[in-house]
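Reviewing the structure listed below.
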Amino acid sequence: MRRLRAAKSAHTTRKQQGFKTLVNSDKDSGTLVYQVAVPSPLRRTFDYLPPAEASCQSPLQPGIRVRVPFGRRSVVGVIVAPRSNSQIAQQRLKAIGDVLDAEPLFNERLFSLLLWSARYYHHPLGEVLLKALPPALRTGKALPTETLWRLTEHGLGLPADALKRAPRQQQVLRLLQNGEVERPALAAAGVTSATLRTLREKRLIETVQRRAEPENTETADVLAERALELTPEQRATVDAIDPAHYQAYLLEGETGSGKTEVYLQIIARVLARGQQALVLVPEIGLTPQTLARFRNRFRCRIAAVHSALNDGELLEAWHAAANGSARIIVGTRSAIFSPAPNLGVIIVDEEHDASFKQQEGFRYSARDLAVMRANRDNIPVVLGSATPSLESTHNCQAGRYRHLELRGRHGGAIQPTWHLVDIRKLNLNTGFSAAAIQAMEDELAAGHQVLVFLNRRGLAPTVICHDCAWIAKCESCDARMTLHRRGVLVCHHCQRQRPVPDSCPACHSPQLQYLGQGTERGEDTLLAMFPKVPVIRVDRDSTRKKNAFTELVEEVNKGKPCILVGTQMLAKGHHFPNVTLVVVLDIDAGLYSPDFRAAERTGQMITQVAGRAGRGEQPGRVLIQTHYRDHPLLDLLARHQYPTFARQLLAERRLTDMPPYTNMALIRAEATIAGNAVALLEAARDYCNATLAPSPEVRYLGPFPAALERRNNRYRYQLRLIVNDRGPLHLLLDTLGSWLESSELARKCRWSLDVDPIETS
369 MRRLRAAKSA
379 HTTRKQQGFK
389 TLVNSDKDSG
399 TLVYQVAVPS
409 PLRRTFDYLP
419 PAEASCQSPL
429 QPGIRVRVPF
439 GRRSVVGVIV
449 APRSNSQIAQ
459 QRLKAIGDVL
469 DAEPLFNERL
479 FSLLLWSARY
489 YHHPLGEVLL
499 KALPPALRTG
509 KALPTETLWR
519 LTEHGLGLPA
529 DALKRAPRQQ
539 QVLRLLQNGE
549 VERPALAAAG
559 VTSATLRTLR
569 EKRLIETVQR
579 RAEPENTETA
589 DVLAERALEL
599 TPEQRATVDA
609 IDPAHYQAYL
619 LEGETGSGKT
629 EVYLQIIARV
639 LARGQQALVL
649 VPEIGLTPQT
659 LARFRNRFRC
669 RIAAVHSALN
679 DGELLEAWHA
689 AANGSARIIV
699 GTRSAIFSPA
709 PNLGVIIVDE
719 EHDASFKQQE
729 GFRYSARDLA
739 VMRANRDNIP
749 VVLGSATPSL
759 ESTHNCQAGR
769 YRHLELRGRH
779 GGAIQPTWHL
789 VDIRKLNLNT
799 GFSAAAIQAM
809 EDELAAGHQV
819 LVFLNRRGLA
829 PTVICHDCAW
839 IAKCESCDAR
849 MTLHRRGVLV
859 CHHCQRQRPV
869 PDSCPACHSP
879 QLQYLGQGTE
889 RGEDTLLAMF
899 PKVPVIRVDR
909 DSTRKKNAFT
919 ELVEEVNKGK
929 PCILVGTQML
939 AKGHHFPNVT
949 LVVVLDIDAG
959 LYSPDFRAAE
969 RTGQMITQVA
979 GRAGRGEQPG
989 RVLIQTHYRD
999 HPLLDLLARH
1009 QYPTFARQLL
1019 AERRLTDMPP
1029 YTNMALIRAE
1039 ATIAGNAVAL
1049 LEAARDYCNA
1059 TLAPSPEVRY
1069 LGPFPAALER
1079 RNNRYRYQLR
1089 LIVNDRGPLH
1099 LLLDTLGSWL
1109 ESSELARKCR
1119 WSLDVDPIET
1129 S
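The sequence shown begins at 369 in our numbering and counts up one residue at a time.
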């Protein structure tokens, strides 16, 4: 224990010193060098000499992109800090090739957040900084700039009457006395190109490139439509949020309780202060819906940021956020890095959603970074959800977040009634119980819409031989292949495809059967049962084309009777006012999963999809088919007791010492030979024990195989670290990261560190 504390103290000192190095120039005499972060898996910066043609200029500022030689390649990196010396001999240092920016791409607070993020998530700084930029800027593309004229030092020191015999030149000097001026403004004052050229030849004026200035944000009235009348509860919620200081607010409101209107009126107050607002949504599919609401309400520029945009569109959105012309930025996870210089509020809608956590590469949580960014900018952050994450609920209990509630549905709508349909011993040839079929018939006959939730894509999840029990499995993964309607078997893990065999490859029997039900089979079944009713399938396969999801939503919102069948894409915040019945077919697996988060996710998913029913004038119903009708957690959800459900799960987490009462990190390793991955993780565990001494503060679970042990011909294993306090965890990971970089065993594997993992199975 003493060794751990001593190491922790040394680690803290080293981190503090490292941060000072990043933000302050070295004042000692010596040769100027630059620390540059490049896109490399190595967790350090690299020293470079100044570019040859810029040796006499002032030091380059942190946050400026440069092109540098790196090995045999030329890569785009980011200046982290200037220094007066290097531990590497000067003759061995290479010089910066090109300077790509005249000024930093990140403001000081955002740059500081990115430095912190690299340390917290133990990810290479170069990859973090470039991840925060749109793809076009990562490759070295220039930003849109404008040319301005200014006085040189010689021009500033010129006596006022020095050019009295050249009145046009004298006029230019007067115009530039108060600072830089754009060329169009000089032209409007009658200044000619010849006059400017003469003054530049005299070295009295010079040009400078600047990013485009923001549009005027002092709009007298940003409202394009009148705001809705708030309920007393909504009004109290809006008034409770202090726009002048940092505070994290958890806004818990039932589905349909009017959270979006609260967001809109919070944003209106921020815009009235001349500030910007950042809104994060979990899915691309929610972005058009959110944008439409905002564009109907506000008379200002709104930028969208999500992966369906091309590089040019993403660069335009980034630039609009950076120069302040975009007053509202709406986007998915990566929008948290938008360089809004005058940010007034951050809103995270559906904060519980797992998609806010990046699962590959830089494994950051956009929700958690939103809280950190708001803290650094001293602004409020609002986390909204009908089913808050256990982490956010725990933060409210601990006093770190302020809890705000909206009870009941907006406009007098009532919560839908739930019915748990016991399907034990029932013959479900179609996948639907008689109760579900009758309920669908009734609602469609009344002119309403029905939503069928089935969280599996494809036609059939399993293809099996009736004679020998052969199952169609992926050759590259430990997974079954899914039959799709287009006549192919698809692995949803590695995307490998192959045609459906005419007979069993093992025994040559033609008796192949298709078991289970995916969204495609659900669509076929419903079309057969209701041939006169449109059936609209919503899953990843049906919405691949650009704008496909938006078009589907628009079709549903026409209000005509139809059946929606789809996956969890349908469960996330969509407003379908004519849906009066939700049928849930497949939720039992989440009730008895080894994943400690499975029950929480299942409860959130069921509650969210059920919340699509009865949002208009008509009451709604929810039918859930289950083998576990008496399950206590299902009973709580059916009685609209999600807060009680969450408290029970938190009590279980406390008893088992699991997050949010402890802190977790996951070390993943994968290799073409399973033993190599296991050997690396065992060596990593032994190294930590030998370096830090065995301590009750650190628990190791594993190595053990991932739930899907083999994916794309690579064997995947995990080592789970659980610690009560964050300090020892980050000390351990910092030490371990350096060891892994130099380990011979690591060269035979791919490995990664995941802090606060969401996917642990």
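The C-beta atom is built at its ideal place from N, Cα and C for all residues, glycine as well.
Going by C-alpha distance, which of Cys668, Asp1003, Ile704, Ser733 is nearest Leu788?
-> Asp1003
Round the Cβ separation of Val933 and Gly890 to the nearest angstrom and send it over; I've been treating them as touching at under 8 Å.
-> 5 Å
By Cβ distance, which residues of its chain are closer than 7 Å to Lys532, with the 5 residues on each side in sequence left out?
-> Gln538
Distance, Cα to Cα, Pro1125 vs His1098?
-> 14 Å
Secondary structure of Ile456, DSSP reduced to three states = coil
Residues that DSSP places opposite Leu564 in a beta bridge | The partner list for Leu564 (beta bridge, DSSP) is empty, contrary to what the question assumes.
So who's on the other strand from Asn1031, going by DSSP bridges?
-> Val1091
Mind reading off the beta-carbon distance from Tyr1068 to Ala1042? Whole number of angstroms is fine, and I expect it under 8 Å.
-> That pair is no contact at about 19 Å.
Buried versus exposed call for Gly386 [16 or more other C-beta atoms within 10 Å across all chains shown] | Residue placement at Gly386 is poorly supported in this model, since its pLDDT is 37, which falls under 50; the coordinates are not used for a value here.
Helix, strand or coil for Ile670, going by three-state DSSP, please let me know.
-> strand
Can you find at least 3 beta carbon pairs, one from the segment 753-767 and one from the segment 946-958, that sit closer than 8 Å?
-> no
Asp721: buried (16+ other C-beta within 10 angstroms of its C-beta) or exposed?
-> buried
Using 10 angstroms around the beta-carbon of Lys913, count the other beta-carbons present and answer buried if the total reaches 16, otherwise exposed.
-> exposed
Pro552 - DSSP class collapsed to helix/strand/coil = helix
Quick one: which unbroken beta strand (DSSP E) runs of 3-plus residues sit fully inside the segment 592-679? Chain order, please.
-> 615-621, 644-648, 670-673
Check Gly523 in the structure and name its three-state DSSP category.
-> helix
State the CB to CB distance for the pair Thr515 and Thr563, rounded to an integer number of angstroms; the pair is presumed to be in contact (CB under 8 Å).
-> 16 Å between Cβ atoms; not a contact.
What distance in whole Å lies between the Cβ atoms of Thr1030 and Ile1090, which are believed to be in contact at a cut-off of 8 Å?
-> 5 Å
When we look at the beta-carbon of Glu919 and count the other beta-carbons within 10 Å, is it buried (16 or more) or exposed?
-> exposed
What separation, rounded to the nearest whole angstrom, lies between the Cα atoms of Cys424 and Arg665?
-> Confidence in Cys424 is poor, its pLDDT being 43 and thus under 50, which makes the residue's placement unreliable; the coordinate value appears in the next sentence. Roughly 52 Å between the two C-alpha positions.
If you count every other CB in all the chains shown that lies within 10 Å of the CB of Asn392, and 16 or more means buried, which is it?
-> In this prediction, Asn392 has a pLDDT of 39, which is less than 50 and means its spatial position is unreliable; nothing more can be read from the coordinates.
Inter-residue Cα distance where the pair is Val406 and Leu1121 = 19 Å
For Ala1114, collect the residues of the same chain with a Cβ closer than 7 Å to its Cβ; drop the 5 residues on either side in sequence, then sort them by chain order.
-> Leu1048, Leu1108
Classification of Cys1117 by the beta-carbon crowding that lies within 10 angstroms, buried from 16 upward = buried
Same chain, Cβ closer than 6 Å to Arg536, neighbours up to 5 away in sequence not counted = Thr563
Measuring CB to CB, does Ala688 end up less than 8 Å from Arg669?
-> yes
Three-state secondary structure (DSSP) of Ile1126 | coil
Within its chain, find whatever has a CB closer than 6 Å to the CB of Ala500; leave out the 5 residues flanking it on each side and keep chain order.
-> Leu482, Phe705
Would you mind stating whether Val716 and Leu751 have Cβ atoms separated by less than 8 Å?
-> yes
Under 7 Å from any heavy atom of the ligand SAM, does the C-beta of Glu1127 make it?
-> In terms of ligand content, the structure shown is empty, and the ligand SAM therefore cannot be addressed.
What residues in its chain sit with their C-beta under 6 Å from that of Asp1025, if we drop five residues either side in the sequence?
-> none
Do you know how far the Cα of Asp846 is from the Cα of Leu1076?
-> 6 Å
Per-residue DSSP class, three states only, for Glu773 | strand
Since Leu468 contacts Arg435 with CB under 8 Å, what's their CB separation in whole angstroms?
-> 6 Å
For the segment 672-679 and the segment 606-621, state whether three or more C-beta atom pairs, one from each stretch, are separated by less than 8 Å.
-> no
In three-state terms, what does DSSP make of Ile715?
-> strand
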